[in-house]
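The next block holds one structure in the form of structure tokens; read it before the comments.
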């Protein structure tokens, strides 16, 4: 048995973590599985002769999430690359960067003149990656003049912003629903409703209004 830790992407709540944990626990060879929503980490105790990272990754992806090997020294950055004029230029930049020890992946988009690079900070520095691009005959620049972005960090921030927006929208529609559906049940207080929304006189309207507020 071996115990390994991975990073799970795409989780937004405790039920997501539970869903992933149950899915992985069913994989043959897995003895224990624990998922932490706060750290986005999954610790698995499994028999390497029966399963491995690829099988675990497929299981997590089938559940609707992503799985990455936990490599704290790995960083993903995006650089602007000037001087490229054709697909051969983009390929040359990719080859130059991939030759460096510690570079795990490099993808160059000629249309946007951007290079997305994943590398091990313990083996190679960003300055060395830039030097390799320069030596290949092109000019690397930090995106928009800023320090090269940590793409994964930005994605997490975007996910959090999206969750806040969804929470606000849910609250905006939930309050009226609670008022309409439960207001008349509050002891000693009868919250007023227009007569056309009365559950006794116009039950269909009463139901349709709640349905309309629930759908969004």
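In the working numbering, the protein residues as written are 278 to 493.
Glycine residues also receive a C-beta, built at the ideal position from the N, C-alpha and C atoms.
Whole beta strand (DSSP E) elements within the stretch 320 to 349, 3-residue minimum: 343 to 346
Cβ-based neighbour list, residue 382, same chain, cut-off 6 Å, excluding 5 preceding and 5 following: Within the chain shown, the letter at position 105 stands for residue 382. Same-chain partners within the cutoff: 395.
Between the CA atoms of residue 378 and residue 400 - distance to the nearest angstrom: The residue you call residue 400 lines up with position 123 of the chain shown. The residue you call residue 378 lines up with position 101 of the chain shown. Going by the C-alpha atoms only, they are around 7 Å apart.
DSSP bridge partner residues for residue 310 (one or two, in chain order): Your numbering for residue 310 matches position 33 in the chain shown. DSSP, once it has assigned bridges, lists 321 as partnering residue 310.
Endpoints, beta strand (DSSP E) assigned at residue 281: As a position in the chain shown, residue 281 is number 4, starting the count at 1. Residues 279 to 286.
Residue 394 - partner residues in DSSP beta bridges: Counting from 1 along the chain shown, the entry for residue 394 is found at position 117. The partner list for residue 394 (beta bridge, DSSP) reads 354, 383.
Rounded separation between residue 231 and residue 398 - CA only: The question about residue 231 has no answer, for the chain in this structure spans 278 to 493.
Continuous beta strand (DSSP E) stretch holding residue 416: start and end: Here the question's residue 416 lines up with position 139 in the chain shown. Counted as a single uninterrupted DSSP element, the beta strand (DSSP E) harbouring residue 416 occupies residues 416 to 419.
Chain-order list of residues whose beta-carbon lies under 6 Å from that of residue 416 (same chain, five-residue window excluded): The count along the chain shown starts at 1 and reaches residue 416 at position 139. 359, 360.
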